[in-house]
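Following: one structure in structure tokens, then a few remarks.
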Amino acid sequence: MIAVARLSPRWTPDNVAVVDLAVARGPPQYHASGIIYGILDAANQIPDSFYTDIGLHWFRAGGAQMDAPNRGWVWGELDGRWASALSNYLTVRKYDGKFQLLLHNLWGTDHADESMDWPGDDGDWSDYDKFLDRIVENIIQNEMTAGLHIDIWNEPEWGFWKRPQSQWLDLFGRTYHRFRNDPQLNNIPIIGPSLSLPPSEENTWWTNFLRYVAANGTAPDHYSWHHIESLENPANDLQNSLATFDRMRNAAGAPARKININEYLNLGDELNPAATVWHLSRLERYDTPGLRANWRGGPNGSHLRDFLASLIWRDDPQLPYHPNGDWQALKYYKTNMTGHRVATSGSNDRKLDVYATVGDKVRVLAGVRVREGTWGLTVKNLDAVGLPASGQIGIQTWGFTYVIPETLLLRPSDRGVITYSYDNNEVTFPVHQYGEDLKTAWAFEIQV
Ligand SMILES: *[C@@H]1O[C@H](CO)[C@@H](O)[C@H](O)[C@H]1NC(C)=O
Ligand SMILES: *[C@@H]1O[C@H](CO)[C@@H](O)[C@H](O)[C@H]1NC(C)=O
Ligand SMILES: *[C@@H]1O[C@H](CO)[C@@H](O)[C@H](O)[C@H]1NC(C)=O
Numbered sequence: 023m024i025a026v027a028r029l030s031p032r033w034t035p036d037n038v039a040v041v042d043l044a045v046a047r048g049p050p051q052y053h054a055s056g057i058i059y060g061i062l063d064a065a066n067q068i069p070d071s072f073y074t075d076i077g078l079h080w081f082r083a084g085g086a087q088m089d090a091p092n093r094g095w096v097w098g099e100l101d102g103r104w105a106s107a108l109s110n111y112l113t114v115r116k117y118d119g120k121f122q123l124l125l126h127n128l129w130g131t132d133h134a135d136e137s138m139d140w141p142g143d144d145g146d147w148s149d150y151d152k153f154l155d156r157i158v159e160n161i162i163q164n165e166m167t168a169g170l171h172i173d174i175w176n177e178p179e180w181g182f183w184k185r186p187q188s189q190w191l192d193l194f195g196r197t198y199h200r201f202r203n204d205p206q207l208n209n210i211p212i213i214g215p216s217l218s219l220p221p222s223e224e225n226t227w228w229t230n231f232l233r234y235v236a237a238n239g240t241a242p243d244h245y246s247w248h249h250i251e252s253l254e255n256p257a258n259d260l261q262n263s264l265a266t267f268d269r270m271r272n273a274a275g276a277p278a279r280k281i282n283i284n285e286y287l288n289l290g291d292e293l294n295p296a297a298t299v300w301h302l303s304r305l306e307r308y309d310t311p312g313l314r315a316n317w318r319g320g321p322n323g324s325h326l327r328d329f330l331a332s333l334i335w336r337d338d339p340q341l342p343y344h345p346n347g348d349w350q351a352l353k354y355y356k357t358n359m360t361g362h363r364v365a366t367s368g369s370n371d372r373k374l375d376v377y378a379t380v381g382d383k384v385r386v387l388a389g390v391r392v393r394e395g396t397w398g399l400t401v402k403n404l405d406a407v408g409l410p411a412s413g414q415i416g417i418q419t420w421g422f423t424y425v426i427p428e429t430l431l432l433r434p435s436d437r438g439v440i441t442y443s444y445d446n447n448e449v450t451f452p453v454h455q456y457g458e459d460l461k462t463a464w465a466f467e468i469q470v
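Take 23 as the starting number for the sequence shown in the numbering used here and just add one per residue.
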């Protein structure tokens, strides 16, 4: 389809995202190429290309959701969970990946309630210390230090901790010291607090945590939290949460460290390419790694520990796996967006965000955070890639479509080339997000 369009100047910064071709930001980092769980316990089921084509390099697991006789340490049933975690770790290392080991799953929080013993009850840590000793021994015996990270306790405030907050803080310091003081494992990076809610001044899990690690000398190597909350919550946006975190960390006197968003995408609205690309754009802008949340369960956790966190599917184990639109968007991000990254900004209403590279073409990946409407996309400083300051420009559009996680998408849908007239060294064109394309992410390409 070829059409020449001239847009009336109706855009305001509120609904326009911008790509600045004059500001180079170095090589692509694939910060969004991470998943939690999603790997089968039995090795070599998912073909390599499903990992490598999307550049997966961050992973996180610990045998969650396994039923008896594999409910975790607290039931005296550590072995099956350990075997699952070890197998996942070995898979991850095939791809040179980094692996966050989830201690709370090995301990067995998903099969524990208030009535049971929890680490540190009545000031008695002896059983928890034995648990840590066993994990340390297993790590050493299996030579699994390369790429390993220890995630101390996931989402205590969401429900994976059924005791007072102060007891969790004790656990944090204790676990930190156990690993950091171990003569063989003292170099393993430590991650936490992995709270389900992003930092906010009103949240005592955050304020007390920061105060505690500052005083206790146990700031993790990566501070972690999740962006899996409601879209209506402005804190659930990396653009806001990073600034809040820095303010809070400084106020508490805690040291600066790396940040890791070890779950992104909520269950209700965000399982689709539009939201994936919106998050991806922010993770790239702020140079912050993120891991795709995983909302599957299934008998014995069999769907949680499969399907690469809802990126691929097969109806039954006899069939080959197939990719969905999310996977195809990540594949474009990894394999097509070559060259160097350039600066971008999202729309002021925080609904449209973009990631862009300059290589053989200018390529922009665009995602609207799951809302209908029309947004604008400005690509400025066109002369930086050798284009004239005014004239006509053809823009090729690809759509990464989506229905449900199981829906096959073999390749993005070709929406043709539209030619726009432009001047002032920049072009602005519309992003239409309606109806069947509510969940679609877009790639826009300009020949250079
Ligand atoms: C840090 O916390 C641990 C565990 O509660 C405790 O044993 C240690 O004494 C504390 N260290 C400091 C410096 O506060
Ligand atoms: C759960 O999965 C594990 C590992 O895949 C397997 O060993 C175990 O038998 C399964 N348990 C049930 C109840 O299916
Ligand atoms: C992405 O790159 C691959 C490999 O070079 C190519 O086959 C494919 O057509 C490209 N996709 C798009 C949408 O340009």
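Glycine included, each C-beta is placed from N, C-alpha and C at the ideal position.
Counting only the Cα atoms, Pro-311 lies some 29 angstroms from Phe-153. Taken from the Cβ of Gly-84, every heavy atom of ligand 2 lies 7 angstroms or farther away. Not one heavy atom of ligand 2 lies closer than 7 angstroms to the C-beta of Asp-243. Comparing C-alpha distances from Thr-441 to each of Leu-460, Phe-466, Phe-422 shows the shortest one belongs to Phe-466. Looking from the CA of Ala-83, the closest CA among Glu-306, Thr-423, Trp-129, Ala-39 belongs to Trp-129. Look at Val-425 here: in three-state DSSP terms it is coil, with no helix or strand label. With a 10 Å radius around the Cβ and a threshold of 16 neighbouring Cβ atoms, Gly-408 comes out exposed. Relative to ligand 2, the beta carbon of Asp-63 is positioned inside 7 angstroms of a heavy atom. The three-state secondary structure of Lys-373, taken from DSSP, is coil. Between Phe-451 and Asp-371, the alpha-carbon positions lie close to 17 angstroms from each other.
Around the CB of Gly-85, 16 or more other CB atoms lie within 10 Å, so the residue is classed as buried. The beta-carbon separation of Met-270 and Leu-232, rounded to 6 angstroms, stays under the 8 angstroms limit for a contact. For Gly-102, the uninterrupted alpha helix (DSSP H) segment begins and ends at 100-116. Counting along the chain, Lys-184 sits inside no beta strand (DSSP E), nor does DSSP assign it H or E at all. Boundaries of the beta strand (DSSP E) around Asn-282: 280-286.
For ligand 3, a non-hydrogen atom lies closer than 7 angstroms to the CB of Pro-434.
Taking Ala-241 as the centre and dropping the five residues before and after it, the same chain places the C-beta of Val-235, Ala-276, Pro-277, Arg-279 closer than 8 angstroms to its C-beta, in chain order. At the C-beta level, Gln-51 and Asp-309 come within 8 angstroms of one another.
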